[in-house]
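Protein chains in written order, with this note's numbering: chain C, 29 to 315; chain W, 54 to 410; chain E, 80 to 344. The beta carbon of each residue, even a glycine, is placed where N, CA and C say it ideally should be. Inspection log for the structure reproduced underneath, given as structure tokens.
As structure tokens, then:
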């Protein structure tokens with residue numbers, strides 16, 4: 029195993045300096061703002077924890093937080109099982125494997141606002157492919173600039189389109205690491221395909237699936253650019269997720285105090301959930 | 054338990070094989086009796102794993118039939134053949150306990166709970182794993198994991214054949230002999246037909262009543278360990294089995310005499326056939342060192358424990374002899390005597406002398 | 080063809096549909112686009128692409144993006160390599176806490192950092208430079224690169240290091256000549272991920288630039304709002320942003336699956 033060697037710090041130093049520059053100073057700025065009030069002119073007044081109280085009590089924040097949790101829960105509930113099913117039905121070897129993998133990874137390599145813009149045009153009534161099919165072929169009245177439900181479904185479908193492949197690729201990596209002998213033994217033991225999944229494939233995918241869920245949780249919780257370019261948070265506030273609301277307050281209204289307090293609460297929630305996952309993961313490494 | 058018959062079996066991984074080289078398994082025709090212990094022995098890539106997979110049903114042969122007793126199982130899937138297999142790397146269900154692992158094959162077949170408990174207890178006792186029944190299988194040592202994967206096969210009382218695919222590969226050397234004798238003991242207790250695949254001659258010869266030696270997809274000899282040693286049917290068997298292997302020396306042969314480096318040598322019997330490349334085959338154990346015979350020069354003497362291995366040069370050929378007594382020094386001139394009843398001629402690899410009656 | 084391959088085929092079809100729509104739109108004339116949806120371009124035109132390649136504000140957007148993405152990738156991997164080595168080989172005071180703290184930066188919402196970054200990089204006179212964006216992106220790329228590389232390095236037995244020292248290699252020589260070649264797949268994957276996340280991130284890139292270092296995707300937003308609906312142009316520009324990603328992923332295609340698992344399978 030690893031040896032005790034304080035020289036490790038020396039190796040970590042460049043990373044430490046770089047990340048500290050990027051992380052510590054901005055966080056300090058945010059903390060600073062979060063406890064002060066300003067009316068411009070660089071004059072600040074001590075405000076204590078008032079902003080935090082105000083944010084936590086505000087209906088607007090609670091609504092955004094609720095939408096955020098709902099969104100994350102929905103996309104996890106769709107993307108994780110779907111990703112597993114797709115990974116299970118993919119070929120394990122042959123020339124189609126790299127082709128599948130490259131095509132599947134493609135959506136993840138498109139700049140996020142291009143993703144949003146693409147889906148925006150895609151859903152335009154008449155002009156866009158989806159809008160055209162929904163309205164003119166299927167006769168469903170579909171316009172996400174008017175209908176909050178349509179906007180929600182579109183944001184979720186876009187995220188499924190954008191990120192399910194991450195779960196697929198992770199699950200697939202876990203699957204290909206299973207030696208053939210396991211499948212042979214299961215066949216000989218007369219195991220059903222459900223048993224094979226439950227007792228062989230799922231245990232082997234556990235680590236990678238934890239990573240997948242962790243990454244999907246974090247990224248969906250922090251999502252900003254794609255839904256913002258797609259719907260702008262509307263109609264109304266119906267698709268205003270946490271980040272969108274935060275940017276509205278900070279850069280739109282320049283309410284630095286509340287925005288900073290909100291940032292810290294937001295960050296704390298992300299951190300807490302991620303820490304939970306992290307301990308679960310490293311517990312396995314040690315045991 | 055069943056008698057296993059492999060009838061005119063051939064297998065190729067190509068969809069339409071052109072010549073014999075396209076076959077991973079060349080024709081094999083053999084019957085194994087019920088309750089016997091057999092070994093498939095050969096270097097890696099010789100086709101023994103292909104043969105094993107055909108018997109277990111993971112592969113369907115290109116040609117030929119597989120019979121268990123009188124039932125044709127060639128097209129049956131593995132789970133309907135009632136077989137058990139122990140793999141090179143221990144295959145266990147990590148998330149289950151040892152008990153659940155052992156019960157798994159029975160559960161899948163809908164055996165009732167009481168019967169399962171009874172069988173699991175029985176097998177656990179036989180394998181000496183009773184104290185670990187309730188531990189997670191993932192936490193076991195490799196040799197215990199192998200025992201459990203064997204147990205999953207033995208737990209079914211209708212098992213036709215138990216197959217071992219190099220089961221000792223990942224076992225620590227000092228535990229190898231222990232597990233090996235456990236296997237032998239189990240065979241005597243359950244009397245199931247067992248097939249043991251390995252590239253290690255010691256494992257094969259100690260485990261099996263009968264050994265199938267394979268090379269490049271071809272069965273070169275089937276016989277008891279003694280037969281393989283005493284009368285190899287092919288130079289490959291002579292060379293592969295025994296330590297050191299058989300001396301193989303280019304010669305010319307006619308009648309019951311062979312000519313090697315200008316010396317006339319008596320054979321076990323008259324030479325059959327004609328043409329091809331002929332070689333003389335004699336095991337080092339049957340090369341005597343004395344005052345009469347073929348003159349040779351000792352080039353090397355190695356002490357391998359129980360006996361000495363002597364390299365001796367005759368003309369431009371080197372051959373090996375085994376001696377248990379005091380040996381000549383390096384560089385000494387000696388005379389070599391070949392035991393006629395153990396001296397044979399091989400033509401294109403295959404034996405070409407008649408046995409002495 | 081087996082029956083279950085229908086699932087990946089359907090899924091890939093679902094993924095490709097919006098992309099196809101975008102690409103086909105980029106070859107249409109504005110009139111055709113506004114006249115309503117059509118599956119294939121009726122009058123095939125390269126006008127949109129011509130417009131992009133002759134207008135410096137457009138094509139400089141690409142060059143800017145590529146400059147800061149490349150800078151970021153090199154920087155992230157270079158500093159992550161020694162750190163990942165330390166995490167995979169040594170135990171030192173606070174190593175676990177440090178590792179977790181690094182990861183928290185991967186978890187930080189970019190929106191939280193937008194405003195403070197703007198102020199920070201303005202105050203150090205780096206606003207609207209490629210370096211600013213490259214540095215800002217290291218916030219999430221360095222932790223990721225450390226995580227991926229550490230996963231790959233853990234797979235290399237420690238005996239390799241010890242044998243090299245016995246053979247008289249100095250540490251830097253060992254690291255460059257022996258260790259790096261052994262984890263080159265990991266380096267490739269880490270570089271790929273840095274490229275990917277730097278290429279797709281837009282909130283920080285947009286906040287930290289104005290003119291000189293403006294990324295392509297931000298140029299698109301401006302066009303969309305200022306010139307009304309020039310959908311063909313927008314589609315062409317969008318299509319062009321897909322290409323670098325497609326090229327890069329082709330290089331790491333054999334490591335994608337393992338790479339996405341951060342070397343942890």
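Proximity to residue i [Cα-Cα], best of the options
i                     : options                       : result
residue 66 (chain W)  : W:103, W:94 and W:81          : W:103
residue 290 (chain C) : C:59, C:209 and C:148         : C:59
residue 117 (chain E) : E:103, E:129, E:130 and E:127 : E:103
residue 106 (chain C) : C:133, C:221, C:191 and C:158 : C:191
residue 302 (chain W) : W:400, W:328, W:355 and W:232 : W:400
residue 106 (chain W) : W:83, W:124, W:139 and W:88   : W:139
residue 144 (chain E) : E:83, E:313, E:297 and E:252  : E:297
residue 224 (chain E) : E:270, E:255, E:189 and E:110 : E:270
residue 351 (chain W) : W:154, W:370 and W:360        : W:370
residue 262 (chain E) : E:149, E:325, E:234 and E:286 : E:234
residue 131 (chain W) : C:178, C:307 and C:213        : C:213
residue 329 (chain W) : W:402, W:374 and W:368        : W:402
residue 337 (chain W) : W:357, W:192, W:376 and W:99  : W:376
residue 183 (chain E) : E:220, E:137 and E:252        : E:220
residue 226 (chain E) : E:171, E:159, E:286 and E:200 : E:159
Proximal residues of chain W, C-beta to C-beta of residue i below 9 Å
i                     : result
residue 212 (chain C) : 106, 109, 111, 131, 138, 140 and 144
residue 382 (chain C) : Any property of residue 382 (chain C) remains undetermined from this structure, which presents chain C solely from 29 to 315.
The beta strand (DSSP E) enclosing residue i, as first and last residue numbers
i                     : result
residue 80 (chain W)  : 76 to 85
residue 160 (chain C) : Where residue 160 (chain C) is concerned, there is no enclosing beta strand (DSSP E), although the alpha helix (DSSP H) it sits in stretches over 157 to 160.
residue 276 (chain W) : 271 to 276
residue 331 (chain W) : 331 to 335
residue 24 (chain W)  : Here chain W comprises residues numbered 54 to 410, so residue 24 (chain W) is not present and cannot be evaluated.
residue 265 (chain W) : 263 to 268
Where residue i falls: helix, strand or coil (DSSP)
i                     : result
residue 156 (chain E) : helix
residue 305 (chain E) : Because the pLDDT at residue 305 (chain E) is just 46, under 50, the model does not fix this residue reliably, and the value given afterwards should be weighed accordingly. In this structure, residue 305 (chain E) counts as helix in the three-state DSSP scheme.
residue 112 (chain W) : coil
residue 142 (chain W) : coil
residue 119 (chain E) : coil
residue 343 (chain W) : strand
residue 113 (chain C) : helix
residue 247 (chain W) : strand
residue 97 (chain W)  : coil
residue 353 (chain W) : strand
residue 94 (chain C)  : helix
residue 97 (chain E)  : helix
residue 237 (chain W) : helix
residue 170 (chain W) : helix
residue 77 (chain C)  : coil
residue 62 (chain W)  : strand
Boundaries of the alpha helix (DSSP H) in which residue i is found, first to last residue
i                     : result
residue 220 (chain E) : 209 to 233
residue 238 (chain E) : 238 to 245
residue 366 (chain W) : That residue, residue 366 (chain W), is in no alpha helix (DSSP H); its beta strand (DSSP E) goes 361 to 367.
residue 123 (chain C) : Taken as a continuous stretch (DSSP letters only), residue 123 (chain C) belongs to no alpha helix (DSSP H), as it is neither H nor E.
residue 196 (chain W) : 195 to 207
residue 185 (chain E) : 174 to 186
residue 128 (chain E) : 126 to 133
Per-residue contacts from residue i into chain B (C-beta, under 7 Å)
i                     : result
residue 252 (chain C) : The question asks about chain B, but that chain is absent: this structure's protein chains are C, W and E.
Within chain W, partners of residue i - CB distance below 7 Å
i                     : result
residue 227 (chain C) : 146, 148 and 149
Contact set between residue i and chain E, taken where Cβ atoms lie within less than 7 Å
i                     : result
residue 281 (chain C) : Here the premise fails: no neighbours, minimum Cβ distance about 12 Å.
residue 103 (chain C) : Neighbours of residue 103 (chain C) on chain E: none; closest Cβ ~15 Å, over 7 Å.
Cross-chain neighbours of residue i in chain W, by beta carbon under 8 Å
i                     : result
residue 220 (chain C) : 161
Closer than 7 Å at the beta carbon, the chain C residues around residue i
i                     : result
residue 251 (chain E) : Per Cβ cutoff of 7 Å: no residues; residue 251 (chain E) is ~12 Å from chain C at best.
residue 205 (chain W) : 217
residue 158 (chain W) : 217 and 218
**Request:** Enumerate, from N- to C-terminal direction, the unbroken alpha helix (DSSP H) stretches of 4 or more residues contained entirely within the stretch 264 to 333 of chain E.
**Result:** 282 to 286, 295 to 305 and 310 to 330
**Asked** Which residue spans inside the stretch 170 to 214 of chain C form an unbroken alpha helix (DSSP H) run of at least 4?
**Response** 176 to 204
**Request:** For the stretch 289 to 318 of chain W, list the beta strand (DSSP E) runs that are entirely contained and at least 3 residues long, ordered along the chain.
**Result:** 300 to 303, 305 to 307 and 310 to 313
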